[in-house]
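Using the working numbering, you'd call the opening residue of the sequence shown number 338 and step up by one each time.
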Amino acid sequence: MLYDWIKALHILAVISWMAGMLYLPRLMVYHCDAPPGSQQSETFKIMERRLLKGIIDPAMAVTWLAGLWLAWQGGWWVAPWFHAKFALVLAMSGFHGFLTARVRDFAEDRNTRSARFYRIANEVPTLLMIAIVILVAVKPF
C-alpha cells in the first residue's frame, strides 16, 4: 500500500515539475521584450524566481526522491526501459539546471539570448516528457 501512495506522490511531483518547466521558458520569452531595469522586467524576475524556488526546485526534489524509492522497491533497476527513462530524467534535470542559470542571467540583467531561443527551448521539456511517459506506460523494451 505504501508503494501506491509513493507512486501517487511521484506523479503529483512530476506534474508540478513539468508545469513549471513548461511555464518558465515561456516567461523568459516575454521577459526578453522587457527593457532591463523596467518595472515589467523586475516583475518577471520575481515571477521567475518564485516559480523556480517555490515550485520547480521542490517538485524536482520530490520527483527524484519518490522515483528512486519506487525504482528500488519495484526492482526496476534491471529493466532496459528504466535505463532509458533514467537517462531522459537526467537530461530533464540538466535542462532544469540550464533554466536555473538563465533565471540568474535575467536576475542580473545579463541575458544574451533571444525570445526565439526561449520559444525553441520551451519544446525541450515537452519532448523529454513525451518520451518518458511512453517508456513508463508502454515499457517497450
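Each residue gets a CB set at the ideal place from its N, CA and C atoms; glycine is no exception.
Every value quoted in this text rests on a predicted model; they were computed, and no experiment measured them.
I need the straight-line Cα distance from residue i to residue j, nearest angstrom please.
i	j	result
W409	A345	16 Å
G434	M338	34 Å
V366	H420	33 Å
D394	W342	21 Å
I457	V426	19 Å
T380	A416	46 Å
W413	M397	20 Å
G357	F432	12 Å
M466	R447	29 Å
Please identify the residue among the options whose C-alpha is closest to the C-alpha of residue i.
i	options	result
V461	S430, D446, F381	S430
F443	A468, P372, F423, G412	P372
P362	A468, R450, V473	R450
L472	F423, R441, N459, Y455	F423
F454	M466, D446, L464, R439	R439
Y340	G411, L388, L349	G411
Is the beta carbon of residue i less than 8 Å from the beta carbon of residue j?
i	j	result
K476	W401	no
L364	M384	yes
H347	A403	yes
Restricting to runs no shorter than 4 residues, where is the alpha helix (DSSP H) found entirely within the segment 343–416?
Taking 4 residues as the shortest admissible run, the segment 343–416 contains the following complete alpha helix (DSSP H) segments, listed from N- to C-terminal end: 376–388, 394–411.
Completely contained alpha helix (DSSP H) runs for the segment 452–477, where each covers 4 or more residues
Complete alpha helix (DSSP H) runs here, min 4: 452–458, 460–475.
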